[in-house]
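In my numbering, each residue carries its 1-based index in the sequence shown increased by 721. Report on one structure; see the data block that follows.
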Amino acid sequence: MQPTSRWRTLRKVCATKVFSSQQLDSTQVVRRRKVKELMDFVKKTSETFDVLDISEAIFTTVLNSISNTLFSMDVVQLGCSSKSQEFKDIFCGITEEAGKPNVVDYFPIFAKIDPQGARARMTKYYKKMIDFLDGIVEERLRLIKGLQMGDTTKEYKDVLDYVLEVMLEDNSQVTRIHVLHLLVDLFVAGIDTTASTIEWAMTELLYNPKKLQKLKNELQDVIGKEEKQIEESHISKLPFLRAVVKETFRLHPPFPLIPHKSKEDVELCGFNVPKNAQVLINIWGVGRDPSIWRNPNEFVPERFLESKIDYQGNDCELIPFSAGRRMCPGLPLAYRGVHTVLGSLLHCYDWKLVNNGEKEKGLDMFDEKFGLSLHKAKPLQAIPIYNNHNN
Ligand code: HEM
């Protein structure tokens, strides 16, 4: 199959078998469980007044939410040192490599000799990840072959079940290698982006107490005092939470530069863009453009309360998920994950910043660092203080 038609087939699988509302609704139960585990972990930390590495906790929750949505399995454990965990090591290896400058990007003629060894290292990490996922696929195929799928032990079908169903159809265009690459792409594209968005939103709010209070009031009004966890069904009732997320995407798009390639010679704003030229769309720049946004460097979620601007790919002012044919297929899952984790972390807890959020080792909380996506240079850490609304 040609690469383009393979890409089209996999995009279709994503739209129908991975990210459709029906599919995501049916796997909601596992994501709810992951957020509950996060809340239990925060509760335990609050009881001992320890500092919580929020960055690490969010990352693990997002990673396990995605792995459970895909194939019903945790790949890391909350609260364990990341260094000891194989999958996390592989994943972090990929994101670190992706963030390093590579001379080959500027001088493609050196691609074959791979002067910095970047391709070799990346290939090694990808192979490890493919091997890891292949073990999971093998086990699931054995389960399907043993006709155990109809057993009552599974409360829902996950993404892997649906994708393997497509693979096992007669004359299927989807092969086992496609399935493995699809899983790798979903992991690599989905985790860092979602986790760093939640972490940035939380950082902005902890440094903007008035906005934080406004959000907490909304959560309390809509969710009530008793309920501790934000459900996916709550999101549509929380306009300020949604505005906070939009404002976070405007200021901190995980992919600040989106690379595309021109299919033909075109003239754009007086510039000639030749066929096959790489074009980098500067989303970060658009988000901070003073001709589009008033006070562009300030965190003002209210600007989205009265505005219809959204990130579904129709408003060029805000395209963190890009737009058009290549637009991020994972938006519906990211939407659910970002709002529920962020809302849940803030609803029942006040957060005390370590050293009152002062600069440490020359880094402040808003410094950025490039990995696979643009994330915080300094992980967010704070002490959770249980907020009993009834007191
Ligand atoms: C805050 C969260 C996320 C943001 C901001 C984001 C953003 C993006 C962007 C900008 C692209 C490139 C689009 C282009 O080339 O025009 C992309 C591609 C992609 N994203 Fe996301 N993404 C997020 C979450 C996710 C999640 C949760 C998944 C899946 C679990 C995912 C899966 C993908 C895949 C598979 C691609 C490649 C699509 C293709 O090549 O056709 N993303 N994403």
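All C-beta atoms in this analysis are idealised placements derived from N, C-alpha and C, irrespective of residue type, glycine included. Computed from a predicted model, the values in this text were never measured in an experiment.
message: Which residues does DSSP list as the beta-bridge partners of Phe976?
response: In the DSSP output, where bridge partners are listed per residue, Phe976 has none listed.
### Message
As an exercise, report each continuous alpha helix (DSSP H) stretch of at least 4 residues that is fully enclosed by the segment 966 to 1034, in chain order.
### Response
1004 to 1008
**Prompt:** From Val797 to Met850, what distance separates their C-alpha atoms?
**Reply:** 14 Å
Cβ pair Leu1001, Leu978 closer than 8 Å = yes
*asked:* Under 8 Å: do the segment 838 to 854 and the segment 910 to 923 share three or more Cβ pairs, one atom per stretch?
replied: no
Backbone CA spacing between Phe770 and Pro1100 [nearest angstrom]
19 Å
**OP:** Note the first and the last residue of the continuous beta strand (DSSP E) segment covering Pro1105.
**Re:** Gln1102 to Tyr1107
Rounded C-alpha distance that separates Ile898 from Asn993: 39 Å
Q) Can you list, in chain order, the residues of its chain whose CB lies under 7 Å from that of Ser793, leaving out five sequence neighbours each side? A) Val751 and Asp879
*asked:* Between the alpha carbons of Leu791 and Lys958, how many angstroms are there, rounded?
replied: 27 Å
Suppose you measure from the CA of Gly820 to the CA of Gly945; what does that come to, to the nearest Å? 42 Å
Just checking, does the segment 815 to 830 make contact with the segment 778 to 792 on the three C-beta pairs under 8 Å criterion? no
Problem - Inter-stretch contact at 8 Å, needing at least 3 Cβ pairs: the segment 762 to 776 / the segment 952 to 966 - result: no
Q) Do Lys996 and Asp1010 have their C-beta atoms within less than 8 Å of each other? A) no
Q.
Using C-beta distances below 7 Å, list every residue in its chain close to Val1021, excluding the 5 sequence neighbours before and after it, in chain order.
A. Glu968
request  = Using beta-carbon positions only, say whether Val900 and Leu885 come within less than 8 Å of one another.
outcome  = yes
How would you call Cys1037, buried or exposed, if buried means at least 16 neighbouring beta carbons within 10 angstroms? exposed
With distances taken from CA atoms, which of Ser893, Met1048 and Leu759 is nearest Tyr1032?
Met1048
**Prompt:** Would Leu1074 pass as a contact of Ile919 if the rule is Cβ separation under 8 Å?
**Reply:** no
Worksheet entry | Closer than 7 Å: Ile979 CB and nearest the ligand HEM heavy atom | yes
Close Cβ partners of Gln806 (< 6 Å) along its chain, the five nearest in sequence each way excluded: Val797
Checklist entry - Quick one: any contact between the segment 882 to 896 and the segment 829 to 847, if contact means 3 or more CB pairs under 8 Å? => result no
- Compute the minimum distance between the beta carbon of Met787 and the heavy atoms of the ligand HEM, and state whether it is under 7 Å. Reading off the sequence shown, one finds Ile at residue 787, where the question assumed Met. Answer for Ile787: yes, Cβ within range of the ligand HEM.
Query raised in the report: Is Pro828 buried or exposed, if buried means 16 or more other CB atoms sit within 10 Å of its CB?
Result: The sequence given here has Phe at residue 828, not Pro. So Phe828 ends up on the exposed side.
In this structure, does DSSP put Leu1039 in helix, strand or coil? coil
If you draw a straight line from the alpha carbon of Asn1108 to that of Asp891, how long is it in whole angstroms?
56 Å
Shorter than 7 Å, the distance from the beta carbon of Ser741 to the closest heavy atom of the ligand HEM, or not?
no
Which word fits Arg1015, buried or exposed, when buried means at least 16 other C-beta atoms lie within 10 angstroms of its C-beta?
exposed
- Between the C-alpha atoms of Thr781 and Val739, what's the straight-line distance to the nearest angstrom? 21 Å
Exercise for review: Just list the alpha helix (DSSP H) runs in the segment 815 to 848, keeping only unbroken ones of 4 residues or longer that don't cross its boundaries, in chain order.
Suggested key: 824 to 827
Could you tell me the alpha carbon to alpha carbon distance between Ser1060 and Ile857, rounded to whole angstroms?
The sequence as given places His at residue 1060; Ser does not occur at that position. Cα to Cα, His1060 sits roughly 29 Å from Ile857.
### Message
Whole angstroms are fine: how far does the CA of Lys866 sit from the CA of Val1125?
### Response
Since the first residue shown for the chain is 722 and the last is 1112, residue 1125 is missing from the structure and cannot be characterised.
*Span of the alpha helix (DSSP H) around His904*: The amino acid at residue 904 is misidentified as His; the sequence shows Leu. Arg897 to Leu927 is the extent of the alpha helix (DSSP H) around Leu904.
Check your understanding: Within this structure, are the beta carbons of Gly1045 and Gly1034 separated by less than 8 Å?
Key -> yes
Three-way DSSP call (helix, strand, coil) for Lys1073 in this model
strand
_Please report the distance separating the alpha-carbon of Leu731 from that of Asp1071._
43 Å
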